[in-house]
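Following: one structure in structure tokens, then a few remarks.
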Amino acid sequence: MTPTPTTTPTPTALGVRGLTVRYGEVTAVSDVDIEMAAGEVVALLGPSGCGKSTLLRAVAGLERPTAGTVAWNGVDLAGVPVHRRRFGLVFQDGQLFGHLDVAGNIGFGLRMAGVPADRRRERVAELLDMVDLAGLERRRVGELSGGQAQRVALARALAPRPRLLLLDEPLSSLDSELRERLAVDLAGWLTASGTAALLVTHDRTEADTVASRVLRMRDGALAPDPV
Amino acid sequence: MGQPVALARPGLSRLSSRLPLALAALLPLGFLAVFFVWPVAAIIRLGLGRGSIWPVLSTSDTWGLVGFTVGQAAASTVLAVLAGLPVAYLLARCRLPGLWLVRVVVLVPFVLPTVVVGLAFRALFGDTGVLAIVLANAFFNVAVVARTVAGLWTHLDRRAEQAAATLGASPVRVFLTVVLPGLRPALASAAAVVFLFCATSFGVVLILGGARHRTLETEIYLRTVELLDLPGAAALSLLQLVAVLAALTVGAVARRRRESALRLRGLRQQPRRPAGLGLVAACAGLGVVAALLVPVVVLVLRSLSTSGGWGLDGFRALAGRGLPGTLAVSGVDAVLNSLRAATDATLIALLLGGVAAVVLVSLGRSAVRPALVETVDAAFMLPLGVSAVTVGFGYLVTLDALPGDLRTSALLVPLAQALVVTPLVVRILLPVLRSIDPRQRQAAAVLGASPVRVWWEVDARLAGRSVLTATAFGYVVALGEFGATSFLARPETITLPVAIGRLISRPGALNTQMAYAACVVLVVLTVAAVALIEAVRAPGGAPVGEF
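Protein chains in written order, with the numbering used here: chain A, 506 to 732; chain B, 2 to 548.
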């Protein structure tokens, strides 16, 4: 018998039940259940192609589940479109908007939420400060280094204070030294802001550094054994 | 109990998310239906209704026409591809000073009005001849080949060629075994489009072919206008429509391969200073570019040469109406008419083409079958291939039935021109919109942008330059439109190309002089627009659209 992991008995924030995503004959995600408490940081660890990114995208609302539900605080999100879920998402390669500068990127979500310009400026400065890029507001995103770009991508996702941050291999495109350092930073930022996060990664160290709980995924399903 | 509700919800949201798309699609499709399908269908019914199709199809005369149409189009296409290939190399792979000038020179012929090109080649070759027709058609379309192929060539990974070279392939073998197969999708797509343009080319053949060399297109015009043989013209239109559909299908298949090929490519390859075989190709490209300048130069020289040496008589004549009985308005008024009609046509085409491109991209992204997207895509292209003469003629037959008197309305000419320009707008915007990484849109959506906001914040910003390009392109094409306009323009609303057509069909040195001067005016307007298109191109940035 394996001992049950010691999780605090807080109410479930994210509830994924029986989630299945199928593309024609291929089953990318098969009957996955995940429960996450408010403020909890969970890592999904697995080899590439195991369906963990698809699972993440289904939670974000970018993939339509074939079966199962994604709920937030007990409310089913099936009818809630992507832009109303208030879930942040960081892509592996950042996907910064090339036609906007750094401030434009970080302030994008705030602008969508109708935050007035002066409040936006403050928040952008605050986040740039947090990710150690203070003063780079007017920098073009094409002129950023890989590490800087990924910091901006993280700041952009955090700016509108998402209910849940979804991280799709956010550090994989960086070299190993930078990756380790940014993983530590990321863990700190998540704790400081109290943001719940679901991190998808194939790197064991990264998962342990950032998350308080690690789930393993293989062939579209969660592996039963706790890590 | 909760289960059925939970299942119904995604279905409902899918429907509600597609409804705006379907409504948006109605605008361009409705325009297409009223101003294209209906007139063309009316003409076809005219042809079929009187049982004239079989008599027309069974005469050897008709098949002689078909043979000449296909033959001259095939020859022109081969020539355009052979001439365009070295130019494509020049544009894609070479780092040379003044390359922007090459781009302008190559693009100008494509947007020059057909009458202008016809007249230029008539000045070069004397009156009529097959060679002049083939050269003129090829002259037009070198740009299509050069630009389409260059677009793909810049993204062909040079390392494949280097790998072949290290395996012992000579430069020629490398070109034949690695480069050419890689370029095949672009070559096929360009060749299909060029063939279509050449097969339906009107102004050039009308001016250079005279009564001896006729294609389906000019024959339709002659039968309608001169012989008043409407059923015969309709039968020929039908025949041409079938041929065009076949060519479009080939083009659509090739295009799909190319766009999927483009998605697989990595970064654009940096151009280099040419050497070896590349230098030979670059020189050949420059030779083609120089040759493209000849007709334009001849045109300018002719406009300036009068019976008494060099002079500006032709340009001065533009203030008047030519020799008595030639034009109902002055050349200057014709210029103003042209500018007005082209402005209206461009605005209409931008609206329709923009909506069409957005609909096509959205369709492509949703789980709709690719075959449906291809079909809608091809439907928007159809007006490019169908005889403009048929369309103009069809307007006269059908538009009485619409509320308001459209047949005498000032909007009639712009509407017909918009029909020709809209497909170009779609072709320019579509590849750019399709090349936008879908994850850019997803990133915006996750950050709280609604679907409409995503279009505005991502697509509209990234495609902004292309919209400007489409505007300039559309404007010059509308300015030079001849086939449909020559049918629809009334004497007092005559546009400059139609005025040129009238001027050269009447005798008299002053008329000819004035026609050449009017051509030069059109050339100047065209060059200005093309220079704008090139200026808008981001330096070293992605090529805008397919042209």
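Where a beta carbon is used, it is the ideal one built from N, C-alpha and C, also for glycine.
Because the structure is a prediction, the values reported are computed rather than measured.
Taking 8 Å as the threshold (C-beta atoms), are residue j and residue i in contact?
i, j, result
"L22 (chain B)", "S363 (chain B)", "yes"
"G286 (chain B)", "Y90 (chain B)", "yes"
"V715 (chain A)", "L703 (chain A)", "no"
"T571 (chain A)", "R522 (chain A)", "no"
"V135 (chain B)", "S77 (chain B)", "yes"
"V298 (chain B)", "V103 (chain B)", "no"
"G584 (chain A)", "P667 (chain A)", "no"
"G599 (chain A)", "A548 (chain A)", "no"
"A200 (chain B)", "T70 (chain B)", "yes"
"T647 (chain A)", "L683 (chain A)", "The question names Thr, but residue 647 (chain A) is Gly in the sequence shown. Going by C-beta atoms, G647 (chain A) is not nearer than 8 Å to L683 (chain A)."
"T327 (chain B)", "L504 (chain B)", "yes"
"V636 (chain A)", "L659 (chain A)", "yes"
"Q597 (chain A)", "P665 (chain A)", "no"
"L86 (chain B)", "V150 (chain B)", "yes"
If we ignore side chains and look at the alpha-carbon of each, how far apart do residue i and residue j end up?
i, j, result
"L231 (chain B)", "G323 (chain B)", "32 Å"
"D713 (chain A)", "P371 (chain B)", "43 Å"
"R686 (chain A)", "E162 (chain B)", "40 Å"
"V531 (chain B)", "L641 (chain A)", "38 Å"
"M722 (chain A)", "L672 (chain A)", "16 Å"
"C555 (chain A)", "A75 (chain B)", "52 Å"
"V537 (chain B)", "F474 (chain B)", "12 Å"
"E627 (chain A)", "L412 (chain B)", "53 Å"
"A133 (chain B)", "L188 (chain B)", "24 Å"
"A490 (chain B)", "R341 (chain B)", "13 Å"
"D1 (chain B)", "G614 (chain A)", "Residue 1 (chain B) lies beyond the stretch modelled for chain B, which goes from 2 to 548, so this question has no answer here."
"L100 (chain B)", "G321 (chain B)", "40 Å"
"T423 (chain B)", "W154 (chain B)", "27 Å"
"F488 (chain B)", "L108 (chain B)", "27 Å"
"T1 (chain B)", "Q241 (chain B)", "Residue numbering for chain B in the displayed model covers 2 to 548; residue 1 (chain B) lies beyond these limits and cannot be assessed."
"Y476 (chain B)", "V528 (chain B)", "12 Å"
"V82 (chain B)", "C95 (chain B)", "19 Å"
"V382 (chain B)", "V245 (chain B)", "Sequence check: residue 382 (chain B) is Met here, not Val. In a straight line, the C-alpha of M382 (chain B) is about 10 Å away from that of V245 (chain B)."
"V254 (chain B)", "L305 (chain B)", "47 Å"
"G130 (chain B)", "A34 (chain B)", "38 Å"
"A124 (chain B)", "L97 (chain B)", "33 Å"
"A26 (chain B)", "S202 (chain B)", "30 Å"
"D690 (chain A)", "T706 (chain A)", "16 Å"
"A165 (chain B)", "P275 (chain B)", "19 Å"
"R643 (chain A)", "R616 (chain A)", "17 Å"
"L533 (chain B)", "R507 (chain B)", "35 Å"
"P272 (chain B)", "F176 (chain B)", "17 Å"
"A7 (chain B)", "L605 (chain A)", "Here A7 (chain B) scores only 36 on pLDDT, less than 50, and its place in the model is too uncertain to base an answer on."
"L265 (chain B)", "P296 (chain B)", "In this predicted model, L265 (chain B) has a pLDDT of only 41, less than 50, meaning its place in the structure is not dependable; the value taken from the coordinates is given anyway. Using only the alpha carbons, I get a separation of about 40 Å."
"Q73 (chain B)", "L560 (chain A)", "57 Å"
"R462 (chain B)", "P432 (chain B)", "15 Å"
"D460 (chain B)", "L550 (chain A)", "34 Å"
"V620 (chain A)", "G603 (chain A)", "22 Å"
"G479 (chain A)", "A630 (chain A)", "Within the shown structure, residues of chain A are numbered from 506 to 732, placing residue 479 (chain A) beyond reach of any answer."
"V243 (chain B)", "L448 (chain B)", "49 Å"
"G267 (chain B)", "I437 (chain B)", "Low confidence applies to G267 (chain B): its pLDDT is 45, below 50, so where it sits in the model is not reliable, and the reading given next is rough at best. Taking the straight line joining both Cα atoms gives about 14 Å."
Item to check | Cβ-based contacts, 7 Å cut-off: residues of the segment 345-375 of chain B near chain A | outcome: Taken residue by residue, none of the segment 345-375 of chain B has a beta-carbon sitting less than 7 Å from a beta-carbon on chain A.
Checklist entry - If we count Cβ pairs, one from each stretch, closer than 8 Å, do we get three or more for the segment 386-399 of chain B versus the segment 435-450 of chain B? => result no
Checklist entry - At a Cβ cut of 9 Å, what residues of the segment 428-462 of chain B count as close to chain A, listed as they run along the chain? => result D438, R440, Q441, Q443, A444, A445, A446, V447, L448, G449, A450, S451, P452, R454, V455, E458, V459, R462
Checklist entry - Along the segment 546-566 of chain A, what residues have a CB closer than 9 Å to any CB found in chain B? => result Per Cβ criterion, the list reads R562, A565, G566.
Item to check | Complete alpha helix (DSSP H) runs within the segment 621-685 of chain A (minimum length 4 residues, chain order) | outcome: As far as the segment 621-685 of chain A is concerned, its whole alpha helix (DSSP H) runs of at least 4 residues are 622-635, 651-663.
Next on the checklist: With three or more beta-carbon pairs closer than 8 Å as the criterion, would you say the segment 511-528 of chain B touches the segment 301-320 of chain B?
Outcome noted: At 8 Å Cβ cutoff, the stretches touch.
Checklist entry - Contact between the segment 331-339 of chain B and the segment 463-474 of chain B: three or more CB pairs below 8 Å? => result no
Checklist entry - Touching or not, the segment 140-160 of chain B and the segment 189-196 of chain B, by the rule of three or more beta carbon pairs under 8 Å? => result Judged by Cβ distances under 8 Å, the segment 140-160 of chain B makes contact with the segment 189-196 of chain B, as three or more pairs qualify.
Item to check | Three or more C-beta pairs below 8 Å linking the segment 612-630 of chain A and the segment 572-579 of chain A | outcome: no
Item to check | Contact list for the segment 652-664 of chain A against chain B, Cβ threshold 9 Å | outcome: A658, R661, A662, A664
Checklist entry - Going along the segment 603-633 of chain A in order, which residues come within less than 7 Å of chain B, judged by CB to CB distance? => result H604, F613, G614, M617, A618
Next on the checklist: Under 8 Å: do the segment 204-216 of chain B and the segment 113-125 of chain B share three or more Cβ pairs, one atom per stretch?
Outcome noted: yes
Checklist entry - Do the segment 107-116 of chain B and the segment 480-495 of chain B meet, that is, are 3 or more Cβ pairs less than 8 Å apart? => result yes
Next on the checklist: Residues of the segment 574-587 of chain A in Cβ contact with chain B at a cutoff of 8 Å, in chain order, please.
Outcome noted: T574, D581, A583, G584, P586, V587
Item to check | Contacting positions in the segment 660-689 of chain A - beta carbon closer than 9 Å to chain B | outcome: R661, A662, A664, P665, P667, L671
Item to check | Residues in the segment 689-701 of chain A having any Cβ partner in chain B nearer than 7 Å | outcome: none
Item to check | Contiguous beta strand (DSSP E) assignments of at least 3 residues, all confined to the segment 591-615 of chain A | outcome: 592-595
Checklist entry - Are at least three pairs of beta-carbons, each pair with one atom in the segment 424-439 of chain B and one in the segment 338-357 of chain B, less than 8 Å apart? => result yes
Next on the checklist: For a minimum of 4 consecutive residues, which ranges assigned as the alpha helix (DSSP H) are wholly contained in the segment 41-123 of chain B?
Outcome noted: 54-59, 61-94, 100-112
Checklist entry - Curious, which full-length alpha helix (DSSP H) runs of at least 4 residues does the segment 404-437 of chain B contain? => result 413-436
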